[in-house]
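S.K.: If you read the sequences in order, they're chains S and R. Every letter in the first sequence is one number past the one before it in this note's numbering, and letter 147, counting from 1, is 147. Every letter in the second sequence is one number past the one before it in this note's numbering, and letter 114, counting from 1, is 1114. Note that CB positions come from ideal geometry on N, CA and C, so glycine has one too. I'd like to ask you about the structure that follows.
2 protein chains.
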Amino acid sequence: MPAPSERTTVKRRRERGVYEREVVHAVLDEALVCHLGVIADGNPVVLPTIHARVGDVLYVHGAPASRMLRLGRDGDEICVTVTLIDGLVVARSAFHHSMNYRSVVVLGRPREVTGDEKVAALDAIVEHVIPGRSAHTRAPDPGEVTGTLVLALPLDEASAKVRTGPPVDDEADHDLDHWAGVLPLRVVAGDPEPDPRLRPGIAVPAHVSEWARPSSS
Amino acid sequence: MPAPSERTTVKRRRERGVYEREVVHAVLDEALVCHLGVIADGNPVVLPTIHARVGDVLYVHGAPASRMLRLGRDGDEICVTVTLIDGLVVARSAFHHSMNYRSVVVLGRPREVTGDEKVAALDAIVEHVIPGRSAHTRAPDPGEVTGTLVLALPLDEASAKVRTGPPVDDEADHDLDHWAGVLPLRVVAGDPEPDPRLRPGIAVPAHVSEWARPSSS
């Protein structure tokens, strides 16, 4: 990954900026959804959508009629941001409350994806959410491929921001009686809920029953 | 809440649009972070930040030097989006995979908050993340209040989008042998990790040890 551009250099809390390719990839891979920002009629609009990373390319998908994705297809600049919350930072002072988190911001002009790359991207999006799933579903037929718009955004301008560790209170506040520390958070799955129309005799597959997201918390 | 404006009317999947005030409030209150979209140098930028709702006003806060918030303070239009993931929708076809989610989009021109409202907003932001916490911390001193920028965005243009329920597969796909259903997801807390510098004899308070987020999943 190139050095951060002026725009993706973290402006605030520079010590939290992390530019290593591995960190950017890991955060993008763990986040279930991204938030896609475009300019619509002169104003910013942010909507959640599902993404997948393949190498140094980020894919997002949606319906061809989606206003968000049409704007991206037209070659306008977009912003894709993902955020993972690893814990609540509980400080002695209200001011120093924070969160432990990992976030990535990707800027760039997307291109519309077609052909074999499009089929592979749709497969990657299913695998991104549930690893192991794509081999156990009916693959998209040509009409479904046509009925989905896929955009590709290179990870040329991408940066990560990470906070870890305990609260950082003012020195004098350590004498206070308030508890301080970190409450770690994570996303967990409950029991799988079979479709009411599931045919008898189909067991829950391991890629569903053992689904878990990696977490650094 | 007024009827949705043309801009906040859900364009795609209209059946998922939910405009009731109670739903918008509940989603904003449950989401730990929001994604704030602004236009910077002509391009969209999306960054995560912490918010709080008080009545029909949404507050966001940050450092006064924050580029994001300065842009909002200047009276430009911003977009605040929150998303809760309630479950993975596992379909028989790749095409019908989805997520159960609740999201809210708020559009508008924020105003900078000052005086007593600013102090109350900072308190609300602490309470938003950890209900019951603000009474057990050192309150912000005047320098800390000055050292934080708070913006208020009215919930005049806000809409929710919700997906619930099992997968909706094509009729013919119900004969396939693939498992289908929903894998519910939720955010849970692990064991509180005391600050290494915590004074001896300070127990974990109930607002930390019993922290939980409401969830409709």
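Under DSSP, the alpha helix (DSSP H) around R:G1115 begins and ends at which residues?
M.R.: Note, R:G1115: alpha helix (DSSP H), 1115 to 1129.
S.K.: Return helix, strand or coil for R:V1089, following the three-state DSSP convention.
M.R.: Three-state DSSP puts R:V1089 in a strand.
S.K.: So which residues on chain R does S:H178 lean against when the C-beta distance must stay under 8 Å?
M.R.: Correct list: H1136, T1137, R1138, I1202.
S.K.: Under three-state DSSP, which class holds S:T164?
M.R.: Here S:T164 sits in coil by DSSP.
S.K.: Helix, strand or coil for R:T1137 per DSSP?
M.R.: In this structure, R:T1137 counts as coil in the three-state DSSP scheme.
S.K.: Between S:P214 and R:E1157, what straight-line distance do the alpha-carbon atoms span, to the nearest angstrom?
M.R.: Roughly 36 Å separates the two Cα atoms.
S.K.: At a CB-CB cut-off below 7 Å, which residues of chain R make contact with S:S159?
M.R.: Per Cβ cutoff of 7 Å: no residues; S:S159 is ~11 Å from chain R at best.
S.K.: Which chain R residues sit within Cβ distance under 9 Å of S:D86?
M.R.: What S:D86 touches in chain R: nothing, since even the nearest Cβ is about 10 Å away.
S.K.: Could you tell me whether the Cβ of S:G114 comes closer than 8 Å to any Cβ of chain R?
M.R.: Correcting the residue type first, residue 114 of chain S is Thr in the shown sequence and not Gly. False, the Cβ-Cβ gap to chain R never drops below 8 Å.
S.K.: Does any residue of chain R bring its CB to less than 8 Å from the CB of S:A146?
M.R.: Note that residue 146 of chain S is Thr in the sequence shown, not Ala. No, because no Cβ of chain R sits closer than 8 Å to the Cβ of S:T146.
S.K.: Does S:R92 come within less than 8 Å of chain R when only Cβ atoms are used?
M.R.: Taking Cβ atoms only, chain R reaches closer than 8 Å to S:R92, which makes this a yes.
S.K.: Below 8 Å between beta carbons: does that hold for R:A1180 and S:L198?
M.R.: Their beta carbons are under 8 Å apart, which means R:A1180 touches S:L198 by this criterion.
S.K.: Please confirm if R:L1183 has its CB atom under 8 Å from at least one CB of chain S.
M.R.: Yes, contact with chain S.
S.K.: Shortest alpha-carbon distance to R:A1152 belongs to which of R:A1026, R:P1044, R:G1055, R:L1047?
M.R.: Measuring from the Cα of R:A1152, the nearest candidate turns out to be R:G1055.
S.K.: R:E1030 by DSSP, collapsed to three states: which one?
M.R.: Helix, per DSSP.
S.K.: What are the boundary residues of the alpha helix (DSSP H) that includes R:T1049?
M.R.: No alpha helix (DSSP H) contains R:T1049, which is instead part of the beta strand (DSSP E) from 1043 to 1049.
S.K.: Contact defined as beta carbons within less than 8 Å: I believe S:H96 pairs with S:P196. What is the distance between those atoms, to the nearest angstrom?
M.R.: Rounded, the Cβ-Cβ distance is 49 Å, inconsistent with contact.
S.K.: Going along chain R, which residues have a C-beta under 9 Å from S:P110?
M.R.: Correct list: empty, because the minimum Cβ distance to chain R is about 12 Å.
S.K.: Taking the beta strand (DSSP E) that R:V1106 falls in, what are its first and last residues?
M.R.: Its beta strand (DSSP E) spans residues 1098 to 1108.
S.K.: Show which residues of chain R have a CB atom less than 8 Å away from the CB atom of S:H25.
M.R.: What S:H25 touches in chain R: nothing, since even the nearest Cβ is about 19 Å away.
S.K.: Have a look at the DSSP bridge pairing and note the partners of S:E157.
M.R.: Paired residues: S:L107.
S.K.: Report the rounded CA-to-CA distance for R:R1138 versus R:A1094, giving the unit in angstroms.
M.R.: Cα to Cα, the separation comes out at about 52 Å.
S.K.: What are the residues that DSSP puts in a beta bridge with S:L149?
M.R.: According to DSSP, which records beta bridges pairwise, S:L149 is partnered with S:G62.
S.K.: Name the chain A residues whose beta carbon is nearer than 9 Å to that of R:R1186?
M.R.: The structure shown contains no chain A; its protein chains are S and R.
S.K.: I'd like the list of long-range same chain contacts for R:R1109, defined as Cβ closer than 6 Å, with 5 residues on each side in sequence excluded.
M.R.: Result list for R:R1109: G1075, E1077, in chain order.
S.K.: Flag this pair as yes or no: are the beta carbons of R:S1209 and R:A1160 separated by less than 8 Å?
M.R.: No, they are not a contact pair.
S.K.: Would you verify that the beta carbon of S:G37 is, or is not, closer than 8 Å to some beta carbon of chain R?
M.R.: Closer than 8 Å to some Cβ of chain R, the Cβ of S:G37 qualifies, so yes.
S.K.: Please identify the residue among R:E1144, R:R1133, R:G1132 whose C-alpha is closest to the C-alpha of R:V1119.
M.R.: Taking only the C-alpha atoms, the option nearest R:V1119 is R:E1144.
S.K.: Which residues mark the beginning and the end of the beta strand (DSSP E) in which S:A189 is found?
M.R.: Its beta strand (DSSP E) spans residues 181 to 189.
S.K.: With distances taken Cα to Cα, identify the nearest neighbour of S:I130 among R:W1211, R:E1030, R:L1183, R:V1060.
M.R.: The option with the nearest alpha carbon to S:I130 is R:L1183.
S.K.: What residue range is occupied by the uninterrupted alpha helix (DSSP H) comprising S:H207?
M.R.: Counting along the chain, the alpha helix (DSSP H) containing S:H207 begins and ends at 206 to 209.
S.K.: Residues bridged to R:G1232 by DSSP?
M.R.: This structure cannot speak to residue 1232 of chain R, because chain R is shown only from 1001 to 1217.
S.K.: Name the chain R residues that come within less than 7 Å of S:T164, Cβ to Cβ?
M.R.: Going along chain R, no residue has its Cβ under 7 Å from S:T164, so there is no contact; the nearest lies around 11 Å.
S.K.: Would you call R:V1105 buried or exposed, if buried means 16 or more other Cβ atoms sit within 10 Å of its Cβ?
M.R.: Answer is buried; the Cβ neighbour count reaches 16.
S.K.: Could you tell me the alpha carbon to alpha carbon distance between R:V1204 and R:E1193, rounded to whole angstroms?
M.R.: So the two alpha carbons sit approximately 9 Å from each other.
S.K.: If we cut at 8 Å on Cβ distances, does S:N100 have a partner in chain R?
M.R.: No, no contact with chain R.
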